[in-house]
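Each residue of the sequence shown is one higher than the last, beginning at 20 in our numbering.
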Amino acid sequence: MSPGYGAPPPGPPPSQGYPPQAQGYPPYPPQQPYGHPPSMQNQPPYPPQGGYHPQGGYPPQGYPPQQQPYGAPPPPQGHSPYPLQGGYPPPQQPYGAPPQQAPYPPQGPPPGQYGAPPRPPQQPYGAPAPYMQPTPPSPGYIPGQVAPVDMSREAEGVRAAMKGLGTNEKQLIAILSRLDPVQMNALRNTYHTRFMRDLLNDLEKETSGYFRDGLMALARGPLGQDVYNVNKAIKGLGTKEAILNDVLLSRSNADLNAIKQ
């Protein structure tokens, strides 16, 4: 059967081709630079988690405020804890340290210049030391020193306390205990001149025991008592070292010179 007018010529059926392809490729999304957080576009929102900030905003960006060290004073009110832009904060003193003070300029010109005080003279090397006044002896350690006072009343009181039967010990204590070493020398001289008697011999005869030793030590004075003790310590057999130590280790050079004389 012949094909009709306008029909396609006989032959094999036309082959099924590929569907038409779209022109070009879809554009790639722009890439973020290295280290930048991923974009939040076209991503489903996350459900609110416990402990996170509510939706609608993020906490303010920046570093948290620095913690003060233990024991440091709190920062002053009204000042930002961050340093100002363009410089570093001034160094702070440690807690409890005194405030720094500006050094004061030296007063006056330096030594050696015009108007400066003169320097003290220096001794040349090897020169002998300047002479210094020696320490004077203690009161009562000058042999023959007598106070220029009248001791007649005291001499009569001492003689009346020891005259006759018995001894008025309270009167002896009242008179002898208030005299200094120089006045005691004057009393011994007045007693001997007035009554032609020795005060030490009368005290030794009229008193006894430790009371006698104490009164006689007062009557001798410090120099006479030291001489008596040293002589007693080295006299006879043996040496009483305790008495020597008590006398020689507690006296000055001037006092020792007086004892040796």
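Even for Gly, the Cβ is constructed at its ideal location relative to N, Cα and C. Source: prediction; values computed, not measured.
- With respect to the 8 Å criterion, residue 213 and residue 171 are classified as neighbours on the basis of their beta carbons.
- Around the Cβ of residue 146, a 10 Å sphere holds fewer than 16 other Cβ atoms; the residue is exposed.
- When secondary structure is reduced to three states using DSSP, residue 185 falls in the coil class, being assigned neither helix nor strand.
- Taking the Cα positions, residue 263 is about 30 Å away from residue 166.
- The alpha carbon of residue 189 has as its nearest neighbour, out of 234, 250 and 218, the alpha carbon of 234.
- Around the CB of residue 209, 16 or more other CB atoms lie within 10 Å, so the residue is classed as buried.
- Between residue 238 and residue 203, the C-beta gap is smaller than 8 Å, which places the two residues in contact.
- Non-local beta-carbon contacts of residue 162 in its own chain, meaning distances under 8 Å to residues more than five positions away in sequence, involve 242, 277 and 280 in chain order.
- Exclusion of the five residues before and after residue 221 leaves 181 as the residues of its chain whose Cβ lies within less than 7 Å of its Cβ.
- For residue 154, the CB contacts under 8 Å within the same chain, skipping 5 residues up- and downstream, are 271, 272 and 273 in chain order.
- Counting along the chain, the unbroken alpha helix (DSSP H) around residue 246 starts and ends at 228-253.
- When the Cα atoms are used, residue 215 and residue 152 turn out to be separated by approximately 41 Å.
- Between residue 176 and residue 240, the C-beta spacing is not below 8 Å.
- With distances taken between CA atoms, residue 267 lies nearest to 247 out of 257, 187, 256 and 247.
- For the options 218, 144, 254 and 199, the alpha carbon positioned closest to that of residue 178 is the one of 218.
- The residues 186 and 234, in chain order, have a CB closer than 7 Å to that of residue 226 in the same chain once the five nearest residues on each side in sequence are set aside.
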